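In the numbering used here, the protein residues as written are 52 to 349. Ideal Cβ placement from N, Cα and C applies to all residues, glycine included. All values reported here derive from a predicted model rather than from experimental measurement. Everything on this sheet refers to the single structure shown next.
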Ligand code: ATP
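Below, the structure is given as structure tokens:
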């Protein structure tokens with residue numbers, strides 16, 4: 052049988068394709084909703100407001116029959132924890148995110164949200180409690196104000212500004228000639244990738260979800276903006292369970308748990324200090340990236 056829906060990357064590509072064609076946020080989501088939503092299991096019920104516990108119990112999944120993209124994943128995120136997913140390219144980090152957000156379903160094992168089996172709850176009720184900060188793709192054509200307000204459509208102008216301030220985005224927005232009324236377009240030269248990430252952080256702060264999913268930007272971001280992002284993250288991550296595909300040393304260091312993935316398996320799990328002391332795969336990854344200067348951003 053066909054697997055459910057498409058992965059996160061495809062979803063954000065979808066956003067990019069739509070950017071130039073579509074003016075309003077409602078319209079964007081209409082299109083994505085109709086195309087993307089798979090049928091829930093019979094008898095699936097809405098997930099009550101989450102406290103934020105997420106557990107993987109022996110989860111295996113493959114995009115192709117007979118493969119093993121990820122296998123026997125076991126971990127448990129306590130409410131409010133920040134979980135950094137770390138590992139080489141192709142290891143399975145995005146796949147784990149796709150499973151948490153239920154763009155795909157486990158072939159074996161269970162994913163539990165506050166103890167509820169994911170297959171017994173409706174996708175819609177789960178996603179409503181999730182916020183996404185992806186590399187840079189979730190901005191649509193429209194004003195900065197509209198783009199932030201998309202986090203919560205009934206937010207007032209004051210609430211939008213408050214979220215932008217908490218996200219460290221206000222400082223650059225208010226310096227733009229048109230401020231919050233600045234129109235964003237796909238190839239907007241006036242707004243850097245780092246600033247785009249600040250805008251999606253502002254949107255997520257406004258949405259205030261129980262679960263946050265983040266794919267940290269990999270491309271180089273200037274040092275000042277990088278510091279602003281790290282500071283904004285402290286606001287964003289507070290009080291919610293967060294899963295971050297992490298590329299930045301600061302994010303990884305501050306995580307409650309680092310889950311190291313290699314070839315679809317969890318090879319190590321623990322805090323930064325614990326994993327360094329182990330002198331295993333993480334230690335190796337860390338020192339090699341440090342040498343290559345990848346993780347040195349501030
Ligand atoms: P990166 O750091 O490069 O983003 P990752 O750790 O996130 O890598 P995944 O994107 O989860 O890795 O990919 C895990 C494996 O699954 C890879 O071998 C990848 O080629 C494969 N894969 C990913 N998405 C799909 C898909 N939609 N269909 C088939 N195979 C896929």
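Residue 352 (DSSP reduced to helix, strand or coil): This structure gives no information on residue 352, because the portion of the chain shown stretches from 52 to 349.
Contact check, residue 310 vs residue 134, beta carbons under 8 Å: For the purposes of this step, residue 310 is taken as residue 259 along the chain shown, with counting starting at 1. For the purposes of this step, residue 134 is taken as residue 83 along the chain shown, with counting starting at 1. Yes; because the gap between Cβ atoms is below 8 Å, this pair is in contact.
Assigned exposure category for residue 78 - 16 Cβ within 10 Å defines buried: Here residue 78 corresponds to residue number 27 of the chain shown, with the count starting at 1. The predicted position of residue 78 is uncertain, since its pLDDT is 41 and thus under 50; a value taken from the coordinates is nonetheless stated next. Around the beta carbon of residue 78, fewer than 16 other beta carbons sit within 10 angstroms, so the residue counts as exposed.
Cα-Cα separation, residue 262 to residue 193: Here residue 262 refers to the residue found at position 211 when the chain shown is read from its first residue. Here residue 193 refers to the residue found at position 142 when the chain shown is read from its first residue. Distance between the alpha carbons of residue 262 and residue 193: 26 Å.
Contact check, residue 104 vs residue 165, beta carbons under 8 Å: Numbered from its first residue, the chain shown carries residue 104 at position 53. Numbered from its first residue, the chain shown carries residue 165 at position 114. Going by C-beta atoms, residue 104 is nearer than 8 Å to residue 165.
Identity of the residues DSSP links to residue 259 by a beta bridge: Counting from 1 along the chain shown, the entry for residue 259 is found at position 208. The partner list for residue 259 (beta bridge, DSSP) is empty, contrary to what the question assumes.
Buried/exposed call for residue 81, threshold 16 Cβ in 10 Å: The residue you call residue 81 lines up with position 30 of the chain shown. Confidence is the limiting factor: at residue 81 the pLDDT is only 45, short of 50, which leaves the residue's position unreliable, though a coordinate-based value still follows. By the neighbour-count rule (16 or more Cβ atoms within 10 Å), residue 81 is not buried but exposed.
Length-filtered (4 minimum) alpha helix (DSSP H) runs lying within the stretch 262 to 299: The stretch 262 to 299 contains these whole alpha helix (DSSP H) runs: 274 to 288.
Any non-hydrogen atom of ligand 1 closer than 7 Å to residue 120 Cβ: Locating residue 120 in the chain shown gives position 69, where the first residue counts as 1. At a threshold of 7 Å, residue 120 counts as near ligand 1, since its beta carbon sits closer than that to one of the ligand's heavy atoms.
Option nearest residue 243 by Cα separation, candidates 256, 190 and 286: For the purposes of this step, residue 243 is identified with residue 192 of the chain shown, where counting begins at 1. Cα-wise, what sits closest to residue 243 is 190.
Cβ-Cβ separation, residue 297 to residue 267 (assumed contact under 8 Å), whole Å: The residue given as residue 267 occupies position 216 in the chain shown. The residue given as residue 297 occupies position 246 in the chain shown. Right, their Cβ atoms sit about 6 Å apart.
Contact test: residue 339 Cβ vs ligand 1 heavy atom, cutoff 7 Å: Along the chain shown, one-based indexing puts residue 339 at 288. Look at residue 339: its beta carbon is at least 7 Å from all of the heavy atoms in ligand 1.
8 Å Cβ cutoff met for residue 283 and residue 198: Within the chain shown, residue 283 is the residue found at index 232, counting from 1. Within the chain shown, residue 198 is the residue found at index 147, counting from 1. No, the Cβ-Cβ distance between residue 283 and residue 198 is not below 8 Å.
Cβ contact (3+ pairs, closer than 8 Å) linking the stretch 118 to 138 and the stretch 286 to 294: Cβ pair count under 8 Å is three or more, so yes.
beta-carbon residue 201 near ligand 1 non-hydrogen atom, thresh 7 Å: Position 150 of the chain shown, counted from the first residue, corresponds to residue 201. Using a cutoff of 7 Å, the CB of residue 201 does not count as near ligand 1, since none of the ligand's heavy atoms is closer than that.
Best match in 303, 313 and 338 for proximity to residue 322 [C-alpha to C-alpha]: Along the chain shown, one-based indexing puts residue 322 at 271. It is 303 whose Cα lies nearest to the Cα of residue 322.
Opening and closing residue of the alpha helix (DSSP H) in which residue 106 lies: Here residue 106 refers to the residue found at position 55 when the chain shown is read from its first residue. Taken as a continuous stretch (DSSP letters only), residue 106 belongs to no alpha helix (DSSP H), being part of the beta strand (DSSP E) at 105 to 112.
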